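Below you'll find the structure, written out as structure tokens, and then a few comments.
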DNA sequence: GCGATATCCAGAAAAATTCCTGTTCTTTTC
DNA sequence: GAAAAGAACAGGAATTTTTCTGGATATCGC
């Protein structure tokens with residue numbers, strides 16, 4: 001992980017489909033050298049994976065929110081996990097230290113769908129005793 | 001945006017570097033047809049951009065946290081924005097409805113760096129009157 | 001010093017992409 | 001309902017990229 005690797009990662013963060021030959025021109029290395037570096041970054045798990053960032057608004061998910069969840073007892077975690085992993089509108093779920101046990105980041109079409117998610121999905125899980133929802137007005141920064 | 005486009009997006013989410021020829025085999029279309037569809041998805045901004053998901057732990061950022069920030073008056077927003085955009089450890093910054101004005105998602109090496117970020121960077125911004133930091137213990141889901 | 005490992009480059013073969021053309025299918029319009 | 005216009009697709013050629021070799025150079029540990 002030298003400074004050239006960092007340059008390569010920076011370029012790939014901006015454009016994950018940038019070709020090795022284009023990268024090679026920017027970092028002043030040969031094409032095989034760049035390909036080999038990328039391969040090793042993947043192998044060493046520094047690069048988790050290549051992906052595509054979609055525009056949520058274009059996909060009808062105009063509403064972004066954070067939902068904090070208090071789970072009564074650890075015995076309910078498995079059921080909770082299953083529900084969360086299946087819910088497409090839940091982008092992230094973090095186990096937290098503090099007053100609440102879980103923090104969810106969710107993307108939905110609007111408040112109707114948010115209401116359904118909270119009432120019909122999250123609060124239906126046994127052990128969920130309290131939630132606290134915070135609505136996002138706008139996002140000034142959003143990387144990975 | 002038909003079901004084939006959705007298939008293509010799903011494939012690209014799992015592997016952003018999947019070649020058009022590989023995709024064409026999976027969705028039973030010709031290579032030019034797939035390329036054209038991807039081009040249009042980019043043009044219509046459904047695809048924001050291609051990128052790479054890095055492994056934060058491998059990069060020495062073992063600590064993930066959310067910081068909620070209360071900003072006294074809107075006149076301090078510009079200064080706040082500048083500081084946030086420059087801070088590499090701040091992954092996300094959302095303007096919120098509710099008790100706090102901003103929600104930050106930050107990734108750092110540890111509590112020392114977190115302390116510096118809060119005390120020396122965020123709280124130094126004029127107008128920041130209150131913060132509330134929540135530490136992530138583990139993440140069971142994290143997409144985009 | 002000396003071997004072992006790693007990194008690099010150059011060139012060739014394989015693969016993928018792009019571009020072009022012709023065809024089919026859908027949609028529009030009369 | 002039929003003809004025209006437009007969009008989407010498949011096939012093939014030219015270009016670019018990737019991958020795979022072989023060999024040179026540098027680095028590290030002994």
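Chains as they are written, first to last, in the numbering used here: chain V, 1 to 144; chain D, 1 to 144. Glycine residues also receive a C-beta, built at the ideal position from the N, C-alpha and C atoms. Nothing here was measured: the structure is a model prediction, and the numbers come from that model.
For the alpha helix (DSSP H) containing residue i, name the first residue and the last one.
| i | result |
| --- | --- |
| residue 138 (chain V) | Per DSSP, residue 138 (chain V) belongs to no alpha helix (DSSP H); it is in the beta strand (DSSP E), 128-142. |
| residue 28 (chain D) | Taken as a continuous stretch (DSSP letters only), residue 28 (chain D) belongs to no alpha helix (DSSP H), as it is neither H nor E. |
| residue 73 (chain V) | Note, residue 73 (chain V): premise wrong, no alpha helix (DSSP H); not H, not E. |
| residue 112 (chain D) | 111-116 |
| residue 82 (chain D) | 77-86 |
Quick one: is residue i near chain D, going by C-beta distance under 8 Å?
| i | result |
| --- | --- |
| residue 135 (chain V) | yes |
| residue 23 (chain V) | no |
| residue 39 (chain V) | no |
| residue 90 (chain V) | yes |
| residue 3 (chain V) | no |
Whose Cβ in chain V lies nearer than 8 Å to the Cβ of residue i?
| i | result |
| --- | --- |
| residue 98 (chain D) | 134, 135 |
| residue 84 (chain D) | 140, 141 |
| residue 17 (chain D) | 16, 17, 50 |
Name, please, each residue of chain D whose Cβ falls closer than 7 Å to the Cβ of residue i.
| i | result |
| --- | --- |
| residue 13 (chain V) | 51, 52 |
| residue 81 (chain V) | 140 |
Taking C-beta pairs closer than 9 Å, name the residues in chain D that residue i reaches, listed in chain order.
| i | result |
| --- | --- |
| residue 63 (chain V) | Those do not exist, as residue 63 (chain V) stays about 11 Å from chain D at its closest Cβ, beyond 9 Å. |
Could you tell me the boundaries of the beta strand (DSSP E) in which residue i lies?
| i | result |
| --- | --- |
| residue 9 (chain V) | Here residue 9 (chain V) belongs to no beta strand (DSSP E); instead the alpha helix (DSSP H) covers 3-14. |
| residue 47 (chain V) | 47-54 |
| residue 92 (chain V) | 90-96 |
| residue 59 (chain V) | Premise fails: residue 59 (chain V) is in no beta strand (DSSP E) and is neither H nor E. |
| residue 102 (chain D) | 102-108 |
So residue i contacts chain D; which residues on that side make the cut at Cβ distance below 8 Å?
| i | result |
| --- | --- |
| residue 58 (chain V) | 44, 45, 46 |
Is it the case that the Cβ atoms of residue i and residue j are separated by a distance below 8 Å?
| i | j | result |
| --- | --- | --- |
| residue 100 (chain V) | residue 62 (chain V) | no |
| residue 26 (chain D) | residue 11 (chain D) | yes |
| residue 96 (chain D) | residue 136 (chain V) | yes |
| residue 51 (chain D) | residue 53 (chain V) | yes |
| residue 60 (chain V) | residue 109 (chain V) | yes |
| residue 56 (chain V) | residue 5 (chain V) | no |
| residue 141 (chain V) | residue 118 (chain D) | no |
| residue 65 (chain V) | residue 144 (chain V) | no |
| residue 125 (chain V) | residue 92 (chain V) | no |
| residue 45 (chain D) | residue 58 (chain V) | yes |
| residue 122 (chain D) | residue 128 (chain D) | yes |
| residue 17 (chain V) | residue 16 (chain D) | yes |
| residue 34 (chain V) | residue 8 (chain V) | yes |
Are the C-beta of residue i and some C-beta of chain V separated by less than 8 Å?
| i | result |
| --- | --- |
| residue 110 (chain D) | no |
| residue 9 (chain D) | yes |
| residue 76 (chain D) | no |
| residue 28 (chain D) | no |
Is any heavy atom of the ligand FAD found at a distance shorter than 7 Å from the C-beta of residue i?
| i | result |
| --- | --- |
| residue 39 (chain D) | With respect to the ligand FAD, the structure shown offers nothing to examine, as it has no ligands at all. |
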